[in-house]
């Protein structure tokens, strides 16, 4: 194994000083001449028809310069299926769904005007539970499902609240279950969870007199933001530039777009004026994005030798009012539904369900922690009922060489050894040598695998050049959202070029017009992707 001098060592963060001294510029720190301040009018209803939106009184407030509604911008957006409106056109689908937005000379004027926007609603029955949402005859969150643009690997079911459904079938589940000596069924639930980044969502957009759009935003994926804005507003990619300053946390919640279309719409109404749209901490919780909730029903059939012969996994994902990133979480979780175990006969369903709740998004692990939380609890409960040690039960049923995953992939020694991992943990924690139990003290074990959900074009690129001051400059478009990417990039370069870290300057804050392309800062990929670039 090759030895490294800098990679793998502990070094000071290259961006640490500016962050701890307050010198780092976040989107909220940006000051532009003649900047307007926006406020969004949001739905107080979880589900309702929008009958009328009246803005006449709001326009009379001194200082108001722009108002935007769904009538002005009847456009749809979405990374995998374009089912989400910028502003509600005919109905709202969760509390906080944008209905209109105003931009004014001061935040106070924008707030006053927002209170004067009059909206007529006709409340509709709300879907607040995934089990209720998939029942025949349930109120439809998206009656127009089937008319939206959808990526080929997403399979919504028009006429239902199912926004994606991935099926996994292996062997003869029903036949194997009938022969099992023991059958165990349990249901586990995981609530929606907010990302709570230290820096809430915030965007500033400006449209110059030629129509060129410039967006400064707190985001994880500048090129994806540009791509989605171009599709949303039907603009050439060359007419939209996205700039990402320092970002105060993301955790997946800033991987797509949220406030950016609202900022752009208002900027189009006030050419030449920068428009700032920022989520309050309260809005961050109910009006941006969340991790999907999950209701998981697991059925495990075990033979007399304590080996699982039949496994059913029925995952219902709470995707909220729109598909967002949630529909791809459904897909990734579906083909990883068996976790780290060898199940010879499988019946798996991973189903995304529209509800009238906040929109689901990527969130640290992309569905993996939720399904493994349920599956590992099931393994523990089954082991307890069988009166077998949880470590032994896992060793009997884990994946390994010459065994197949739920999707039929045959594993080799190079694929990894789950059994060796379990044995190593047991060796350290001495799980099987359980002594007398102590109060408030316990030990346990859990297994997990992570499925990649990236497309084949998930590229990262880097520009390196020597500046006049003899510093090596590294330009990257991956975003440091707290994981230390800037420092990692400097370490890689220092190692490869045999330079001291002090002679390397990492330029983060990408601009899509000039910076090297990067797909997205998601899936824990940046060290590998940017590092290899």
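In our numbering, the protein residues as written are 62 to 594. The beta-carbon is built from N, C-alpha and C at its ideal position, and this holds for glycine as well.
- Where residue 445 is concerned, the enclosing alpha helix (DSSP H) starts and stops at 429 to 447.
- Membership of residue 389 in the alpha helix (DSSP H) is indicated by the continuous run 387 to 395.
- With fewer than three CB-CB distances shorter than 8 Å, the region 438 to 457 does not count as touching the region 269 to 283.
- When the five nearest sequence neighbours on each side are left out, the beta carbons in the same chain lying within less than 6 Å of the beta carbon of residue 525 are those of 535, in order along the chain.
- As for any alpha helix (DSSP H) of minimum length 4 sitting wholly inside the region 175 to 199, the runs are 191 to 194, ordered along the chain.
- Residue 580 carries a coil assignment under DSSP once its states are collapsed to helix, strand and coil.
- Counting the other Cβ atoms within 10 Å of the Cβ of residue 184 gives fewer than 16, which makes it exposed.
- Distance from the CA atom of residue 577 to the CA atom of residue 165, rounded to whole angstroms, is 35 Å.
- In the displayed model, residue 342 falls within a helix according to three-state DSSP.
- Only residues of its own chain outside the window of five on either side were considered, and among them 68, 592 have a CB closer than 7 Å to the CB of residue 553, listed in chain order.
- In this structure, 561 is the residue among 557, 541, 561 with its C-alpha nearest to the C-alpha of residue 531.
- Exclusion of the five residues before and after residue 587 leaves 539, 546 as the residues of its chain whose Cβ lies within less than 6 Å of its Cβ.
- Unbroken alpha helix (DSSP H) runs of no fewer than 4 residues, entirely contained in the region 76 to 123, are found at 77 to 81, 117 to 120, following chain order.
- Following the DSSP letters along the chain, one finds residue 587 inside the alpha helix (DSSP H) bounded by residues 587 to 593.
- Burial check for residue 397: the Cβ neighbour count within 10 Å reaches 16 or more, so the residue is buried.
- Scanning the region 256 to 302 from its first residue to its last, the whole beta strand (DSSP E) runs of 3-plus residues come out as 263 to 268, 274 to 278.
- In this structure residue 517 is exposed. Its beta-carbon is surrounded by fewer than 16 other beta-carbon atoms within 10 angstroms.
- Secondary structure of residue 173 (DSSP, three-state): helix.
- Comparing C-alpha distances from residue 144 to each of 514, 415, 326 shows the shortest one belongs to 415.
- Per the C-alpha coordinates, the member of 432, 469, 325, 507 positioned closest to residue 453 is 507.
- The residues 393, 394, 397, 509, 510, 511, 512, in chain order, have a CB closer than 8 Å to that of residue 429 in the same chain once the five nearest residues on each side in sequence are set aside.
- Less than 8 Å separates the beta-carbon of residue 158 from that of residue 382.
- Secondary structure note for residue 322: its alpha helix (DSSP H) is the uninterrupted segment 321 to 330.
- Residue 391 and residue 270 have their C-alpha atoms roughly 43 Å apart.
- The Cβ-Cβ distance between residue 86 and residue 307 falls below 8 Å.
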